[in-house]
Amino acid sequence: MNAPLMLHNCLLVLPETDARAPLSRGAVLIEDGRIAAVATGGGTAALASRAAEKIDLGGQVLMPGLVNAHCHSYANAMRGTENSLPLEQWALYTSAYGRSLSEEAIRVSILLGAAEMLRAGVTAVLDHFPHVARSDTALQAHHDTGMRVGFAPFMHDLHDHTILDVELPEELRRRVEGARRPTGEEYGALFRRLKKDWHGKDRRISIFLGPNAPQRCSNPLWRAWRDLAAELDLGAHTHLLETRPQSRAGKSKYQGGIVPEMKRRGVLNDRLSVAHGIWPTADERALLADHGVAVVHNPASNLMLGSGHMPLEDYRKRGVTIALGSDSANTGGRQDIFEIMRLAMMLHRPAITDPVRWPDAREALGWATQGGARVLCMAHELGRIEQGCRADLAVIDLGGAGMAALIPNLTALVQQGGPEAVTGTMVDGRWLYRDGKVLAFDEGAALTRFAALRAEIVARARDEVATADQAVGYFAGLAARA
Ligand SMILES: [Zn+2]
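Numbering-wise, the sequence shown is residues 28 to 509 according to my numbering.
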């Protein structure tokens, strides 16, 4: 147990904080990884008497750590690869490079992503992870970062070309499909073991079922999804209706569409979160709302891949929990949840005619904190500065150029915030990043290692990328098909 720590002389982002009102000055007492007490104004003196260590934050902002509720860690090693194609074509390239990553490359990729996120005030991440055979390496790397991690290994055995009726020549099809994917039983064995070895480790790691997307699962995998969630008491995270071609295939393949199929299969519940959710119909969105499913908005990725606009206002009206994600670094770009908050806040305003209903800074911050906590199935103890919650916090300097605010409030924080203003990040009361330095692991060594691995990754990917080059034309024009 760590000695009680008091962070004081800071501007507090509290759950009830209004977007426009100046932030209240106060203090937080941290004990055994949790927020033991919060005080504003005169109440801070009482906290001081309970603290063994006190840190004066000099008027900086203390906020709940941000949650990146949908990303793919392997792609941190793939910046600079293809990003000007729609998802179905882009996916050929991300798979090509992804398959070429060694265990070491995945480890380094995770560390680089963690350094980026810690520097940006992100304390928790949901990693939707394709390379299931490398799960232990990935989990060890995540563990080493000190971050809070939801780890959702992919489940899938059907390929997009099959689902979307793209006919590939036999030999090319075999190469695009790559290695055989696990069966339902094999996934069962994997998740049972991951749950035993990793779930709840250091109170920071949680295992989730990670169906790649419902339509990418065969019948045995749908059953495994439903049964493993019950047997292992795990939450689940999946992509849902990200593109127009997926929407069209979902409607033709499943009675009423893919979300009613999820209901029939028994996988809709309040421990499921879905990424994107751009194309569900109104009836399908109603089903998601009725079952308490959370939706992760990935506005940067949706724009970059031209996938479409998530019907945010409709989800809001239905009371659906919204969280925010960066998606892959090779689609959504920076894992900077400040940037994602701004996009999510701005993007939908033109379509909302009543400005009273426009999302504001408070709501956007709620998506990035409490919404993300809900995706991690930790809504009761994460995402707020409140007594009893985990001490996952970020410190922001609102004083620098470009940040200095006339009124230091949430509006300024969300509109101007970014990695350059973050001066500290902690998880469970432990500093992981402070004053320009990642403390949890050796960031410089990870960068050096990546520099050494680069040529090897490109060389290993050469044949796979050639396959993608050959296949990409067959996927052209999918979005325009009737
Ligand atoms: Zn994704």
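For glycine and all other residues, C-beta sits at the position ideal for the given N, C-alpha and C. All of these numbers come straight from a predicted model, not from anything done at the bench.
heavy atom of ligand 1 below 7 Å from residue i C-beta
i, result
"residue 224", "no"
"residue 363", "no"
"residue 187", "no"
"residue 154", "no"
"residue 371", "no"
"residue 147", "no"
"residue 324", "no"
"residue 302", "yes"
"residue 169", "no"
"residue 354", "yes"
"residue 19", "Shown here, the chain extends from 28 to 509; a query on residue 19 therefore has no answer."
"residue 183", "no"
"residue 158", "no"
"residue 407", "no"
"residue 318", "no"
"residue 99", "yes"
Contact under 8 Å by Cβ, residue i with residue j
i, j, result
"residue 364", "residue 151", "no"
"residue 316", "residue 294", "no"
"residue 123", "residue 431", "no"
"residue 234", "residue 178", "yes"
"residue 391", "residue 440", "no"
"residue 138", "residue 473", "yes"
"residue 98", "residue 182", "no"
"residue 47", "residue 296", "no"
"residue 351", "residue 323", "yes"
"residue 159", "residue 169", "no"
"residue 463", "residue 422", "no"
"residue 42", "residue 413", "yes"
"residue 116", "residue 502", "yes"
"residue 335", "residue 271", "yes"
"residue 394", "residue 434", "no"
"residue 62", "residue 416", "yes"
"residue 321", "residue 191", "no"
"residue 113", "residue 507", "no"
"residue 96", "residue 31", "no"
"residue 90", "residue 420", "yes"
"residue 418", "residue 456", "yes"
"residue 211", "residue 248", "yes"
"residue 329", "residue 302", "no"
For residue i, the three-state DSSP class (helix, strand or coil)
i, result
"residue 113", "coil"
"residue 95", "strand"
"residue 58", "strand"
"residue 308", "coil"
"residue 216", "helix"
"residue 124", "helix"
"residue 233", "strand"
"residue 385", "coil"
"residue 434", "coil"
"residue 100", "helix"
"residue 77", "coil"
"residue 328", "helix"
"residue 221", "helix"
"residue 407", "coil"
"residue 238", "strand"
"residue 342", "helix"
"residue 484", "helix"
Sequence-distant residues of its chain with Cβ nearer than 7 Å to residue i (five each side left out)
i, result
"residue 67", "39, 51, 52 and 53"
"residue 313", "345"
"residue 543", "No answer is possible for residue 543: it lies beyond the span of the chain, which begins at 28 and ends at 509."
"residue 273", "242 and 306"
"residue 164", "130, 133 and 134"
"residue 379", "340 and 385"
Sequence-distant residues of its chain with Cβ nearer than 6 Å to residue i (five each side left out)
i, result
"residue 74", "33, 54, 56, 64 and 66"
"residue 142", "465 and 470"
"residue 356", "102, 103 and 106"
"residue 476", "135"
"residue 119", "495, 498 and 499"
Own chain, CB closer than 8 Å to residue i, minus 5 neighbours either side, in chain order
i, result
"residue 331", "110, 358, 359 and 360"
"residue 218", "180, 234, 236, 255, 259 and 261"
"residue 318", "290, 295, 296, 297 and 299"
"residue 309", "341"
Minimum Cβ-Cβ distance from residue i to chain D less than 8 Å
i, result
"residue 241", "Any reference to chain D falls outside this structure, which holds one protein chain only."
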